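A.B. asks: One structure, as structure tokens, below. Some questions next.
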Amino acid sequence: MKYVSGYLSIVIALFISSTGAEDVVYGQVGGMVTLPVLKWGSEKVLVQWYFGMNTQPLITRNAQGRETIDPQWKDRLSLSKTDFSLIINKIRLEDFKSFKCELKDFRPQQITSVTSFRLSHVSVQPVSPLLVGKNLNLKCDIKEIFEGTQRRWLSPQKQDLNKDTRVQIGNDGSLKVMKVTGQDHGEWTCVVTYQGRETYVNTPVTVIDLSPAHSQPIYTSVSSFSLLHLPCFFSFPLPLSWSDSQENGIQGGRWTFTPSPAAGSLTGVVQTLVNLSLGPPLAWVVNQKRGLDVSALQKKNLNLSLSKKGVTVGDRGNYTCAVEFQRDDTLKRVMRVEVLQLFTSPVPVAFVGQEVNLTCTLGQPLTSDLEVKWIPPHHSTLLPLGSSTHPTLLTIPEATYGDERVPVDVWLLVTICAAAVIFVLLLILTVILIRRHRQRMMMPRRGKRRFCNCKE
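If you use mature numbering (1 follows the signal peptide of the UniProt record, and there is no 0), the sequence shown corresponds to residues -21 to -1, 1 to 435, in order.
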């Protein structure tokens, strides 16, 4: 019986070590993968992982739990704390070969378990940045594909692509997205499934687009203190500046202005406000002296916004921000600016007590979605208007000082101020003369000198 028991131990060790084909695990260069080996044997098991045909183990954990790692694989390998799985980080192209896990349990006879894996390469070819409206083409390539392997795609929002009519998915792992939008910017994922295990292969996709334009016009008012801001910038930060824009396909940029009929200038005539000179060096050139602030254009974040301090009715119209790329592709955003103007009639300057008409206008009839609301000054004698919709023309029967926003005769004010100044000057002169007179009266008088004539 002693010989039979020893014989059976040898047979068991040989049988366990010789069974099991290579298990396939998919991975991506630069990614992470886990080669799964479940808990096995007693609490004291010797774990050894081998790579390819090497006879020296990559990593070892002895029965006491002490680990040693091949210096060439340092910082890239680790063993799971819960079982004997191997975790590989920062996968390299030369890692796509066979791995073998050898477990030895000594209780009291030696039992050996061997599990082999094949690390198969999955890749997605990177794509260049795309302009919004272009087509996206991706392909999930597997160097060694095994029967039962499945591939599917996830969008940056991790949504099901089967419901997207723009998407076409081929059996070879190809993906085509028609007319990409800003929603397609981000990481696309190819999910490879084999024997219940999933491998995620990510690839970044950059969609170049400008920020959405205002759905409504930009409203401002006539004032030397009003600030008109025209926002235009890329929806996603780009790792480039105007200095290297030509290398990335940007060929030019400009701001143009088309006055509206209410602007009082040449209607429909397109005016170039700012133009990108290709140089070298590249620089923004201001073509119109309209008080434009182009400081944002000089920065490296490709912020194309413009601003203007001091607004007039001549600023009414359409402003277009455009960026030109290769192959005559252009991205543009159009913003409409409406300028609110308030003026008085029948004359621009009114006296206190006069009837005054105030008109609130955009230079054209108001659309149905706009309403006027008059807010009188705090000390005004006018009662608040009761209706929710106020007229564009407001009549003040008799202007008072409480109606602070109604102009008063400027020349009258100047005359009153001048009279006050003259009165003060005369008062000061009178006081000075009186003081001088008093000082002279208080001075003591000297006696008169007498002279006599002496004879001989």
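Think of the CB as a built atom: it goes at the ideal place given N, C-alpha and C, for glycine as much as any other residue. Because the structure is a prediction, the values reported are computed rather than measured.
I need the DSSP call for T409, collapsed to helix, strand or coil.
C.D. replies: Looking at T409 - three-state DSSP - the assignment turns out to be helix.
A.B. asks: What do you get for E126, buried or exposed, if any count of 16 or more other CB atoms within 10 angstroms of its CB means buried?
C.D. replies: By the neighbour-count rule (16 or more Cβ atoms within 10 Å), E126 is not buried but exposed.
A.B. asks: I'd like the span of the beta strand (DSSP E) that includes T340, first residue to last.
C.D. replies: Where T340 is concerned, the enclosing beta strand (DSSP E) stretches over V335 to T340.
A.B. asks: Do you know offhand how far E177's Cα is from D2's?
C.D. replies: Roughly 14 Å between the two C-alpha positions.
A.B. asks: Does the beta-carbon distance from V146 to L154 come in below 8 Å?
C.D. replies: Result yes, Cβ atoms of V146 and L154 sit closer than 8 Å.
A.B. asks: Between which residues of its own chain and R315 is the CB-CB distance below 6 Å, once the five residues before and five after are set aside?
C.D. replies: Within the same chain, R315 has close Cβ partners P196 and N297.
A.B. asks: Among C300, T91, P105 and V186, whose alpha-carbon lies nearest the alpha-carbon of C169?
C.D. replies: Checking every option, the nearest Cα to that of C169 belongs to P105.
A.B. asks: Rounded to the nearest angstrom, what separates S324 and V335 at their Cα positions?
C.D. replies: Cα-Cα distance, rounded: 6 Å.
A.B. asks: Going by beta-carbon coordinates alone, are I70 and V12 separated by less than 8 Å?
C.D. replies: Cβ atoms of I70 and V12: closer than 8 Å.
A.B. asks: Measuring alpha carbon to alpha carbon, tell me which residue in T379, T160 and L319 is nearest D188.
C.D. replies: Taking only the C-alpha atoms, the option nearest D188 is T160.
A.B. asks: Considering only the alpha carbon of each residue, which of Q162, R417 and K311 lies closest to F236?
C.D. replies: Measuring from the Cα of F236, the nearest candidate turns out to be K311.
A.B. asks: F236 lies in the beta strand (DSSP E); which residues open and close that run?
C.D. replies: Run containing F236: I229 to P238, per the beta strand (DSSP E) assignment.
A.B. asks: By the 10 Å Cβ neighbour count, where 16 or more other Cβ atoms means buried, how is T299 classified, buried or exposed?
C.D. replies: Counting Cβ neighbours within 10 Å, T299 comes out buried, since at least 16 surround it.
A.B. asks: Can you tell me which of the three DSSP states K142 falls into?
C.D. replies: Helix.
A.B. asks: When burial is assigned at 16 or more other CB atoms within 10 Å of the CB, is W353 buried or exposed?
C.D. replies: Exposed is the call here.
A.B. asks: Checking the sheet assignment: what are the DSSP bridge partners for K288?
C.D. replies: K288 is bridged to L206.
A.B. asks: What span of residues does the beta strand (DSSP E) with S57 cover, start to end?
C.D. replies: First-last of the beta strand (DSSP E) with S57: L56 to L58.
A.B. asks: Since R295 contacts G342 with CB under 8 Å, what's their CB separation in whole angstroms?
C.D. replies: R295 to G342, Cβ: 6 Å. Contact.
A.B. asks: Tell me which residues share the same chain as N254 and place their Cβ nearer than 7 Å to its Cβ, disregarding the 5 neighbours each side in the sequence.
C.D. replies: Closer than 7 Å at Cβ, skipping near neighbours: R233, V264 and N266.
A.B. asks: Comparing C-alpha positions only, which one of K113, L373 and K268 sits nearest to V351?
C.D. replies: Here the closest residue by C-alpha is L373.
A.B. asks: Write down the C-beta distance between K23 and A42 rounded to the nearest angstrom, noting that I regard them as a contact closer than 8 Å.
C.D. replies: Between A42 and K23 the Cβ distance is about 4 Å, and since that is below 8 Å, they are a contact.
A.B. asks: So is D54 buried or exposed if we call it buried at 16+ other beta carbons inside 10 Å?
C.D. replies: Exposed, because fewer than 16 other Cβ atoms sit within 10 Å of the Cβ of D54.
A.B. asks: Under 8 Å, do V103 and I121 count as touching if we go by C-beta distance?
C.D. replies: Not closer than 8 Å, so no.
A.B. asks: Run through the DSSP bridge pairs and tell me what Q320 is partnered with.
C.D. replies: Paired residues: T340.
A.B. asks: Measuring only the C-alpha atoms, how far is D223 from G44?
C.D. replies: Annotation note: pLDDT 47 at D223 (below 50); position unreliable, coordinate value reported separately. Approximately 55 Å between the Cα atoms of the pair.
A.B. asks: What are the boundary residues of the beta strand (DSSP E) that includes A192?
C.D. replies: Unbroken run through A192: none, as it is neither H nor E.
A.B. asks: Looking only at DSSP bridge pairs, what is C119 linked to?
C.D. replies: According to DSSP, which records beta bridges pairwise, C119 is partnered with V103.
A.B. asks: Does K137 pass the burial test, meaning 16 or more other C-beta atoms within 10 Å, or should it be called exposed?
C.D. replies: K137 should be labelled exposed.
A.B. asks: Please state whether DSSP places F402 in a helix, a strand or coil.
C.D. replies: Note: F402 maps to helix in three-state DSSP.
A.B. asks: CB L98 to CB F78, shorter than 8 Å?
C.D. replies: Yes, they are a contact pair.
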